[in-house]
Amino acid sequence: MSEKRPRSFYVLAAVFALFVLFLYGPVITILILSFQGPQGGLTFPMNGFSVHWFEQLWQGAGLVDISIGLWNSLKLGLLVMVLTVVFSVMAGLAFRRRFRGSTLLFYTAIASLIMPSIIVSLGIALEFHIVDDTVMKIADAYDVEWLYDNYQTATGLFTSGLGAHLSWTLPFGLLIMFAVFNRFDKSYEEAARDLGATSWQTIRHVVLPMVAPSVVGVALFGFTLSWDELPRSSQAMGAANTLPIQLQALTTTVTTPMIYALGTVTTAISLLVIATALTTVFIVQKRRRRHGSDAGQGVV
Amino acid sequence: MTKTTKPGSIDRRTLLKGSAALAAGAAGSTLVTGFPAVIAAEPVTLRYLSTAVNQSPAIAKKAMEETGVKIEYVTVTTDEVAKRIITQPNSFDLVDSEYFSLPNLVPSGNLMGMDAKKIKLADKITPVLTKGEIDGKKIGSQGSAPWKYFYLEGQHSKKFAKSPTDWMTLIPTTYNADSLGDRPDLIQGEVTHWSALLDPKFKGKAALINVPSIGIMDAAMAIESTGQFKYKDKGNMTKAEIDKTMEILTKAKKDGQFRAFWTDFNQSVNLMASGEVVIQSMWSPAVTAVRSKGIKCTYLALDEGYRGWASGFALPRTLRGKKLDGAYEFINWFLSGWAGAYLSRQGYYPAVLETAKQKMEPYEWAYWYEGKPAEKPIKAPDGTVIEQPGAVRDGGSYETRMSRIACWNSVMDENEYLITKWNEFVAA
Amino acid sequence: MPPRTTDAAAPAAAARPRRRGRTGGAAPYWQAAPMALVFFLFFVLPLVVVLVVSFWKYNSYSITPAFILDNYTGVFDGCLVSLPSLCTTFATYLSTIKFCLIVWAVTLVVGFTIAYFLAFHVRTTAMQIVLALICIIPFWTSNVIRMISWIPLLGRNGLINQMLVGSGLVSHPVEWLLYSDFAVALAFVHLLTAFMLVPILNSMMRIDRSLIEAARDAGASGAQVLWNVVIPLSKTGIAIGSIFVITLVMGDFITIGVMGGQQIASVGKVINVETGYLQFPLAAANAVVLLVAVLGIIFALTRFIDIRKEL
Numbered sequence: 436m437s438e439k440r441p442r443s444f445y446v447l448a449a450v451f452a453l454f455v456l457f458l459y460g461p462v463i464t465i466l467i468l469s470f471q472g473p474q475g476g477l478t479f480p481m482n483g484f485s486v487h488w489f490e491q492l493w494q495g496a497g498l499v500d501i502s503i504g505l506w507n508s509l510k511l512g513l514l515v516m517v518l519t520v521v522f523s524v525m526a527g528l529a530f531r532r533r534f535r536g537s538t539l540l541f542y543t544a545i546a547s548l549i550m551p552s553i554i555v556s557l558g559i560a561l562e563f564h565i566v567d568d569t570v571m572k573i574a575d576a577y578d579v580e581w582l583y584d585n586y587q588t589a590t591g592l593f594t595s596g597l598g599a600h601l602s603w604t605l606p607f608g609l610l611i612m613f614a615v616f617n618r619f620d621k622s623y624e625e626a627a628r629d630l631g632a633t634s635w636q637t638i639r640h641v642v643l644p645m646v647a648p649s650v651v652g653v654a655l656f657g658f659t660l661s662w663d664e665l666p667r668s669s670q671a672m673g674a675a676n677t678l679p680i681q682l683q684a685l686t687t688t689v690t691t692p693m694i695y696a697l698g699t700v701t702t703a704i705s706l707l708v709i710a711t712a713l714t715t716v717f718i719v720q721k722r723r724r725r726h727g728s729d730a731g732q733g734v735v
Numbered sequence: 088m089t090k091t092t093k094p095g096s097i098d099r100r101t102l103l104k105g106s107a108a109l110a111a112g113a114a115g116s117t118l119v120t121g122f123p124a125v126i127a128a129e130p131v132t133l134r135y136l137s138t139a140v141n142q143s144p145a146i147a148k149k150a151m152e153e154t155g156v157k158i159e160y161v162t163v164t165t166d167e168v169a170k171r172i173i174t175q176p177n178s179f180d181l182v183d184s185e186y187f188s189l190p191n192l193v194p195s196g197n198l199m200g201m202d203a204k205k206i207k208l209a210d211k212i213t214p215v216l217t218k219g220e221i222d223g224k225k226i227g228s229q230g231s232a233p234w235k236y237f238y239l240e241g242q243h244s245k246k247f248a249k250s251p252t253d254w255m256t257l258i259p260t261t262y263n264a265d266s267l268g269d270r271p272d273l274i275q276g277e278v279t280h281w282s283a284l285l286d287p288k289f290k291g292k293a294a295l296i297n298v299p300s301i302g303i304m305d306a307a308m309a310i311e312s313t314g315q316f317k318y319k320d321k322g323n324m325t326k327a328e329i330d331k332t333m334e335i336l337t338k339a340k341k342d343g344q345f346r347a348f349w350t351d352f353n354q355s356v357n358l359m360a361s362g363e364v365v366i367q368s369m370w371s372p373a374v375t376a377v378r379s380k381g382i383k384c385t386y387l388a389l390d391e392g393y394r395g396w397a398s399g400f401a402l403p404r405t406l407r408g409k410k411l412d413g414a415y416e417f418i419n420w421f422l423s424g425w426a427g428a429y430l431s432r433q434g435y436y437p438a439v440l441e442t443a444k445q446k447m448e449p450y451e452w453a454y455w456y457e458g459k460p461a462e463k464p465i466k467a468p469d470g471t472v473i474e475q476p477g478a479v480r481d482g483g484s485y486e487t488r489m490s491r492i493a494c495w496n497s498v499m500d501e502n503e504y505l506i507t508k509w510n511e512f513v514a515a
Numbered sequence: 443m444p445p446r447t448t449d450a451a452a453p454a455a456a457a458r459p460r461r462r463g464r465t466g467g468a469a470p471y472w473q474a475a476p477m478a479l480v481f482f483l484f485f486v487l488p489l490v491v492v493l494v495v496s497f498w499k500y501n502s503y504s505i506t507p508a509f510i511l512d513n514y515t516g517v518f519d520g521c522l523v524s525l526p527s528l529c530t531t532f533a534t535y536l537s538t539i540k541f542c543l544i545v546w547a548v549t550l551v552v553g554f555t556i557a558y559f560l561a562f563h564v565r566t567t568a569m570q571i572v573l574a575l576i577c578i579i580p581f582w583t584s585n586v587i588r589m590i591s592w593i594p595l596l597g598r599n600g601l602i603n604q605m606l607v608g609s610g611l612v613s614h615p616v617e618w619l620l621y622s623d624f625a626v627a628l629a630f631v632h633l634l635t636a637f638m639l640v641p642i643l644n645s646m647m648r649i650d651r652s653l654i655e656a657a658r659d660a661g662a663s664g665a666q667v668l669w670n671v672v673i674p675l676s677k678t679g680i681a682i683g684s685i686f687v688i689t690l691v692m693g694d695f696i697t698i699g700v701m702g703g704q705q706i707a708s709v710g711k712v713i714n715v716e717t718g719y720l721q722f723p724l725a726a727a728n729a730v731v732l733l734v735a736v737l738g739i740i741f742a743l744t745r746f747i748d749i750r751k752e753l
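Chains as they are written, first to last, in my numbering: chain G, 436 to 735; chain H, 88 to 515; chain R, 443 to 753.
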């Protein structure tokens, strides 16, 4: 802090502040409007000031049960996050060497990003429809009573739903790993190997610690994408609904600021989760500092 | 049909059938309002797919109490309901869909015809929907009127029957009529015709529903009202009629007539409440929603009449065994009055009026159905007061509203062409 | 974090393509296998199903298996005859590509600037993470809710207009803040800057600080350092961010729909309307055309900047 900041720092800091203000515009609006009076609507003017809508939300009066969607989204989001990180880091490592089919995999990932989500969702639904039909045909052919009684559908949160979300988060994960491994110095790994480390040890003790902060970034990205995913989920969740699907459905009837109160509450919860994630990063960093490594430059 | 190896469940099912037969016998003499909780021991869970309109934890709770059937809501948007019926018929046990979607849904073979013999109040369902009549008078039948799609030729038939059969496509849940809504505090003079939607007076302050098949009907009502054009059947336009309509709409759009198009209930309410829009096509409960915020808003009784819509329960073809029995049980309960009264207080109409009336206070019935001024404060199902004493429901009594329906939400023969033209209109 | 999972995935990967000594052994294959499997099951197979459907015959009443190209010719119906005036498909693509370019340019400038600030002016990693997180938090409020909140923010009686009118800058509320091209672009920039920021930031973090100091010592001006050192070394990040932004804008229908008051066309919206009306074959054909078009753009982009070269 002793060193004097260049003038460009202040200019850029101001730009950053403006950008953050812009980013928070809708959030601030939601925050203000969630304190509407009991007579208030979803738009200005404010009609009094109260915590009425938080109370309503708490009681869940006359509403579709949001907690199911919230819980489903959270479970799915966390699983998607973990799998996105694991699969992306692995694939990122793979792409550092040449392998057959790498170009195909790369363009498949890009295509998965491009293909309109409603169509992917539709495709997954049709695919699982075929699976269901096949199972029922088997049940018919062999007269399997157990299937009749217990089998409903293969679609679900952790089958088709998980797949749909991964097909969305993995391209992002993979491409961000490309940025992370971009000009990543190979000499560290070579040094480790020269010292007799196995390839797993090299990854575990050399590569992973160096990319750890970026990996946290991929994790956050993966979770956020899954948490907020709507079009790709629409046909792929079976009977289980995620939070965005429920919210979207709610907009067919609910016109009260309760929906903003919900927004405020989810933001608050998000902050909590982020704080947890941050603490984890700090602990990791502290540990690394203790181990005396100078690695780990990437962020989010 | 299903043989089971568990003796216990055979007993239960036989019992269920027996009691259903008993109840059916009893139904002949008196209206059955509640059913014994025969399945309480092993509750049947039904995954109930629909929009949020017809769903309410209160209804599910009451149904559980009185029938022992557990309802698990799957809440999605209108478009989604139709898509899921086509793509994932195994993801629900009971679905609430609109009549006008039926011509698209029935050919998929994913829904089954419902056995009218198992619906105890089948013959009590309002003739508005079954025959297109009210008090013996005919109702406007342009568009996909429910009575055209009420019955199937057989349980698994993909053809609609011309005359009543034992196989019903949907058991009606709610229906109503849509019209234009306006903000009387922000516009001068009274609006009496659909033509107001295209009136340059409201330039930049009008809105249209962005559901092509419904939006074009509203546009057609407006165009016909301006006297520019007369349709043979607004609900089933020819290509030339679609072209003409789109031409007029495109011109209005380019002139900046429309502030926005809306796709869901919430947007229509927000547009109106925020003052972005002062006139637009609206649903009756949307008008109520705007008004409950202390903002003036009228559901207009226009000279040309209303556009009607109706939705109802359907069952997936693969439903069988105890779930099928449970579904009939729930549907019968739904028609038995409590749910009908509940939905009436939200501004919708139920399939069987008699039973709903039994579950409503006389002053409520008078306000919601007879077009009389409220004697006492009118409350929504959740207890909030929505109208003060003296208020009269817009559009008048049930008879007045229903008899003035001019056309119904529809899927046209030229639907495919319409969608193409609509996309062209949006791109213009 | 992932040791058990990766080990578990290895046997499955063994069944995948044979290794070639010179291409780096078996490792890349089992490392890429889980991702490849996910894409195969949940993207390629569904896409095949959709592709099959796109050649089917359909009318309002049924979808029948057939092999016809009508759905594809339908997409380009009247496009050649009506030239020079644009058919729906061309007009829609033009409109979408217009937003694509605007949003790409703005997010690139903003994203690059912020990334530069975070990478070179913020001194501790901890602070960098905190600031980067500040940029992500708004996206944790569901998009469905955020989309509703644009009306009270930008509408006639919205916060911005109240401030503008209140401060005397304008006498009447500004109408074009909402339901206009401006509104669409604004919402896209809001939504997508993070997608540009993150990869660029990661690229910048890999730039050796001593390189910049060396350039400075050699007498390079700030602008020269930026142009000759920072930008070339961030170009992988820029390319990746560009891929994100381009693909997301091209496929969008929610943002353009809500912010354009449903009055502005986009390719995604056309597909959305078609699926909403259960015209799956036509929607599928449109999606395939979109896929081919955007893949072409990305392919061209990766010719300029090979993001896989310096891994």
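For glycine and all other residues, C-beta sits at the position ideal for the given N, C-alpha and C.
| Counting only beta-carbon atoms, is Val374 (chain H) nearer than 7 Å to chain R? | As a position in the second sequence, residue 374 (chain H) is number 287, starting the count at 1. Answer no: the Cβ-Cβ gap between Val374 (chain H) and chain R never drops below 7 Å.
| query | When the cut-off is 7 Å and only beta carbons count, does Val161 (chain H) lie next to chain G? | reply | Counted from its first residue, the second sequence places residue 161 (chain H) at position 74. Closer than 7 Å: yes.
| query | Since His564 (chain G) meets chain H, which of its residues come closer than 8 Å, beta carbon to beta carbon? | reply | Here residue 564 (chain G) refers to the residue found at position 129 of the first sequence. Taking a Cβ-Cβ threshold of 8 Å, the residues of chain H close to His564 (chain G) are Thr174, Gln175, Pro176, Asn177, in chain order.
| said: For a test of the three-state rule: what should DSSP assign to Leu181 (chain H), helix, strand or coil? | reply: As a first step, residue 181 (chain H) must be located in the second sequence, where it is residue number 94. Assigned with DSSP and collapsed to three states, Leu181 (chain H) falls in strand.
| the stretch 457-473 of chain G: positions lying closer than 9 Å to chain R by Cβ | The stretch 457-473 of chain G vs chain R, Cβ under 9 Å: Phe457, Leu458, Tyr459, Gly460, Pro461, Val462, Ile463, Thr464, Ile465, Ile467, Leu468.
| Distance between beta carbons of Phe348 (chain H) and Gly710 (chain R), contact taken as under 8 Å | Counting from one through the third sequence, the residue named residue 710 (chain R) turns up at place 268. Counting from one through the second sequence, the residue named residue 348 (chain H) turns up at place 261. Not confirmed; about 16 Å, so no contact.
| So the alpha helix (DSSP H) Asn263 (chain H) belongs to, where does it begin and stop? | The residue you call residue 263 (chain H) lines up with position 176 of the second sequence. For Asn263 (chain H), there is no enclosing alpha helix (DSSP H); the enclosing beta strand (DSSP E) has its first and last residue at 258-269.
| task | For Ala134 (chain H), I'd like the list of residues in its chain whose CB is within less than 6 Å of its CB, leaving aside the five on either flank, ordered along the chain. | result | As a working note, residue 134 (chain H) is residue 47 in the second sequence. In the sequence under discussion, the amino acid at residue 134 (chain H) is Arg, which differs from the Ala named in the question. The residues are Glu159, Val161, Phe179, Asp180.
| message | What does the alpha-carbon distance come out to for the pair Gly395 (chain H) and Asn263 (chain H)? | response | Taking the second sequence and counting its residues from 1, one reaches residue 395 (chain H) at position 308. Taking the second sequence and counting its residues from 1, one reaches residue 263 (chain H) at position 176. Distance between the alpha carbons of Gly395 (chain H) and Asn263 (chain H) is about 6 Å.
| Neighbouring residues, chain H, relative to Ile590 (chain R) (Cβ below 9 Å) | Looking up residue 590 (chain R) in the third sequence gives position 148. In chain order: Asn353, Gln354, Asn357.
| Checking contacts by CB at 7 Å: is Asn297 (chain H) closer than that to chain R? | The sequence position of residue 297 (chain H) within the second sequence is 210, counting from 1. Interface residue, yes.
| Proximal residues to Arg523 (chain H) (C-beta, below 8 Å), its chain only, five neighbours per side dropped | No information on residue 523 (chain H) is available, as it lies outside the stretch 88 to 515 that chain H covers here.
| message | For Ile602 (chain R), which residues in the same chain have their Cβ closer than 7 Å to its Cβ, ignoring the five residues on either side in sequence? | response | Taking the third sequence and counting its residues from 1, the one referred to as residue 602 (chain R) is at position 160. Around Ile602 (chain R): Leu595, Leu596, Leu619.
| query | Within 7 Å (strictly less), CB to CB, does Met481 (chain R) reach chain G? | reply | Taking the third sequence and counting its residues from 1, one reaches residue 481 (chain R) at position 39. It is Phe, not Met, that sits at residue 481 (chain R) in the sequence shown. So yes, Phe481 (chain R) belongs to the interface.
| message | Just to check my reading of the structure: Phe484 (chain G) and Gly472 (chain G) have Cβ atoms closer than 8 Å, yes? What is that Cβ distance to the nearest angstrom? | response | Position 49 of the first sequence, counted from the first residue, corresponds to residue 484 (chain G). Position 37 of the first sequence, counted from the first residue, corresponds to residue 472 (chain G). Confirmed, about 6 Å.
| field | Contact set between Ile680 (chain G) and chain H, taken where Cβ atoms lie within less than 7 Å | value | Numbered from 1 along the first sequence, position 245 holds the residue referred to as residue 680 (chain G). Here the neighbours are Val163.
| query | Leaving out five residues before and five after Asn510 (chain H) in sequence, what residues of the same chain have Cβ atoms less than 8 Å from its Cβ? | reply | Against the second sequence, residue 510 (chain H) aligns to sequence position 423. Within its own chain, no residue has a Cβ closer than 8 Å to the Cβ of Asn510 (chain H) once the five positions on either side in sequence are excluded.
| request: Tell me, please, whether the CB atom of Lys157 (chain H) is closer than 7 Å to any CB atom in chain G? | output: For the purposes of this step, residue 157 (chain H) is taken as residue 70 along the second sequence, with counting starting at 1. False, the Cβ-Cβ gap to chain G never drops below 7 Å.
| Expressed to the nearest angstrom, what Euclidean distance is found between the alpha-carbon atoms of Gly598 (chain G) and Asp222 (chain H)? | Reading the first sequence from its first residue, position 163 is the one you call residue 598 (chain G). Reading the second sequence from its first residue, position 135 is the one you call residue 222 (chain H). A direct Cα-to-Cα measurement between Gly598 (chain G) and Asp222 (chain H) gives close to 55 Å.
| request: Assign Arg598 (chain R) to buried or exposed, taking buried as 16 or more other Cβ atoms, counted over all protein chains shown, within 10 Å of its Cβ. | output: Walking along the third sequence from the start, residue 598 (chain R) turns up at place 156. By the neighbour-count rule (16 or more Cβ atoms within 10 Å), Arg598 (chain R) is buried.
| task | Say whether chain H places a C-beta atom closer than 7 Å to the C-beta of Asp567 (chain G). | result | As a working mapping, residue 567 (chain G) is identified with position 132 in the first sequence. Answer yes: the Cβ-Cβ gap between Asp567 (chain G) and chain H drops below 7 Å somewhere.
| query | In terms of residue numbering, what span does the beta strand (DSSP E) encompassing Ser398 (chain H) cover? | reply | Translated into positions along the second sequence, residue 398 (chain H) becomes position 311. It spans 393-403 - the beta strand (DSSP E) in which Ser398 (chain H) sits, taken as one unbroken run.
| Contacts of Gly476 (chain G) in chain A (Cβ-Cβ under 7 Å) | In the displayed structure, chain A is absent; the protein chains listed are G, H and R.
| query | Who are the neighbours of Lys170 (chain H) on chain G, taking C-beta pairs under 7 Å? | reply | Taking the first residue of the second sequence as 1, we reach residue 170 (chain H) at position 83. From the beta-carbon of Lys170 (chain H), the residues of chain G found nearer than 7 Å are Gln670.
| request: Would you give the residue range spanned by the alpha helix (DSSP H) that Met646 (chain R) belongs to? | output: As a working note, residue 646 (chain R) is residue 204 in the third sequence. Counting along the chain, the unbroken alpha helix (DSSP H) around Met646 (chain R) starts and ends at 623-647.
| query | Where Ile473 (chain H) and Asp269 (chain H) are concerned, what is the direct C-alpha to C-alpha distance, given to the nearest angstrom? | reply | Translated into positions along the second sequence, residue 473 (chain H) becomes position 386. Translated into positions along the second sequence, residue 269 (chain H) becomes position 182. Taking the straight line joining both Cα atoms gives about 18 Å.
| task | Measure from the C-beta of Ala139 (chain H) to each C-beta in chain G and report whether the shortest distance is under 7 Å. | result | Translated into positions along the second sequence, residue 139 (chain H) becomes position 52. Interface with chain G (7 Å Cβ-Cβ cutoff): Ala139 (chain H) is included.
| From the beta carbon of Pro123 (chain H), is the nearest beta carbon of chain G less than 7 Å away? | Within the second sequence, numbered from 1, the residue matching residue 123 (chain H) stands at position 36. Reliability fails at Pro123 (chain H), whose pLDDT of 44 lies under 50, so the model's placement of it is uncertain and the value that follows must be treated cautiously. It does not: the Cβ of Pro123 (chain H) has no partner Cβ on chain G nearer than 7 Å.
| query | If you draw a straight line from the alpha carbon of Thr637 (chain G) to that of Leu643 (chain G), how long is it in whole angstroms? | reply | Reading the first sequence from its first residue, position 202 is the one you call residue 637 (chain G). Reading the first sequence from its first residue, position 208 is the one you call residue 643 (chain G). So the alpha carbons of these two residues sit roughly 9 Å apart.
| field | For Cys542 (chain R), the three-state DSSP class (helix, strand or coil) | value | Translated into the one-based positions of the third sequence, residue 542 (chain R) becomes position 100. Correct three-state label for Cys542 (chain R): helix.
| Could you give the residue range of the beta strand (DSSP E) that holds Lys157 (chain H)? | Taking the second sequence and counting its residues from 1, one reaches residue 157 (chain H) at position 70. DSSP places Lys157 (chain H) inside the beta strand (DSSP E), whose first and last residues are 156-162.
| query | Of the choices H:Ile206, H:Ser266, H:Thr332, H:Trp455, whose alpha-carbon is the least far from that of Glu391 (chain H)? | reply | Against the second sequence, residue 391 (chain H) aligns to sequence position 304. It is H:Ser266 whose Cα lies nearest to the Cα of Glu391 (chain H).
| query | Quick one: does Arg491 (chain H) have its CB under 7 Å from some CB of chain G? | reply | Taking the first residue of the second sequence as 1, we reach residue 491 (chain H) at position 404. Chain G, which has no Cβ nearer than 7 Å to the Cβ of Arg491 (chain H), makes this no.
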